[in-house]
Ligand SMILES: C[S@@+](CC[C@H](N)C(=O)[O-])C[C@H]1O[C@@H](n2cnc3c(N)ncnc32)[C@H](O)[C@@H]1O
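Listed below in structure tokens is the structure:
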């Protein structure tokens with residue numbers, strides 16, 4: 003995982019490495035992504051259970067509990083997908099309003115179904131993470147979970163999140179990290195690189211199967227938690243903190259948009 007190779011060229015290599023080009027025809031990385039998640043939508047939650055050994059729910063719960071959400075806040079869940087994080091934030095904080103943005107209409111349909119009555123406080127909208135239709139400082143905080151890796155530019159994604167959050171608000175990323183401990187790392191790599199793709203092929207099919215190749219392959223281009231903390235600082239965020247789950251296999255970074263006149 004390196005911080006500097008997360009660019010368009012790497013993304014286009016990834017398409018070939020994962021085999022997206024066999025299933026989808028698109029001119030840009032963003033369009034490949036939309037097609038991929040539209041196709042995966044109905045099975046997305048099930049693939050997550052397999053990817054995470056069923057731990058995603060408890061990790062989501064712990065990660066959302068860590069967010070510095072203030073009463074009455076307005077929070078963005080970017081790349082909301084099937085809505086897990088948006089729904090959890092709305093459940094934990096009965097007075098917050100959440101906006102979930104995603105490029106895939108099919109993923110948003112799944113999120114809408116799951117949110118049910120919470121839709122009175124969760125607004126779901128189709129949109130591009132790199133060109134958000136919100137004014138500067140519109141939100142009190144913004145979260146992206148397993149979404150930065152999908153963006154054409156990770157830095158531009160973080161900058162856009164920071165732009166729409168008001169000074170003193172938070173920006174949070176949740177994604178895979180570099181696992182700590184040699185033995186655990188070996189077991190983890192074995193699961194993600196060898197076992198999960200085989201299980202994925204047996205249980206899922208066609209484009210869906212590719213998510214089991216996509217995650218480990220995209221890790222080659224995705225920065226680890228230490229590099230991500232550095233990048234968050236470079237884009238102007240302050241007080242960057244990292245929290246590891248599953249020995250760092252999953253990591254959460256929470257940073258603040260500098261308050262006016264200092265941090
Ligand atoms: C791996 S899913 C993550 C879903 C959810 N946040 C979670 O934690 O389970 C990534 C999501 O990012 C969305 N996405 C990819 N590129 C995007 C973009 N440029 N703008 C908005 N959403 C995007 C995909 O449609 C997909 O739903």
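Residue numbers (our numbering): 3 to 265. Beta carbons are placed, not taken as given, at the ideal position from N, Cα and C, and that holds for glycine. Remember, predicted model here, so these are calculated numbers, not experimental data.
Asked: Comparing C-alpha positions only, which one of 259, 256 and 248 sits nearest to residue 56?; Found: 248
Asked: Let me check you understand the geometry: is the CB of residue 30 closer than 7 Å to at least one non-hydrogen atom of ligand 1?; Found: no
Asked: Going along the chain, which residues of its own chain have a beta-carbon closer than 6 Å to the beta-carbon of residue 58, five neighbours each way excluded?; Found: 50
Asked: Taking 8 Å as the threshold (C-beta atoms), are residue 98 and residue 74 in contact?; Found: yes
Asked: Between 256, 52 and 71, which lies nearest to residue 204 when the distance is taken from Cα to Cα?; Found: 52
Asked: Okay, do the stretch 145 to 159 and the stretch 111 to 129 touch, 3+ Cβ pairs below 8 Å being the bar?; Found: no
Asked: Roughly how many angstroms lie between the CA atoms of residue 13 and residue 64, to the nearest whole one?; Found: 31 Å
Asked: Rounded to the nearest angstrom, what separates residue 193 and residue 214 at their Cα positions?; Found: 10 Å
Asked: So what does DSSP say about residue 20, is it helix, strand or coil?; Found: helix
Asked: For residue 186, which residues from the same chain have a beta carbon less than 7 Å from its beta carbon, with the 5 sequence-adjacent residues on both sides left out?; Found: 249
Asked: Any chance the CB of residue 65 is under 7 Å from a heavy atom of ligand 1?; Found: no
Asked: Measuring only the C-alpha atoms, how far is residue 174 from residue 143?; Found: 8 Å
Asked: What residues are listed by DSSP as bridge partners for residue 44?; Found: Beta-bridge pairing links residue 44 to no other residue.
Asked: Hey, residue 149 and residue 131 are a contact pair by Cβ (cut 8 Å); roughly how many whole angstroms apart?; Found: 7 Å
Asked: At what residue ranges does the stretch 63 to 149 contain a whole run of the alpha helix (DSSP H), taking only runs of 4 or more?; Found: 86 to 94 and 107 to 117
Asked: Starting from residue 247, trace the beta strand (DSSP E) in both directions and tell me its first and last residue.; Found: 240 to 247
Asked: Shortest alpha-carbon distance to residue 105 belongs to which of 32, 257, 17 and 255?; Found: 32
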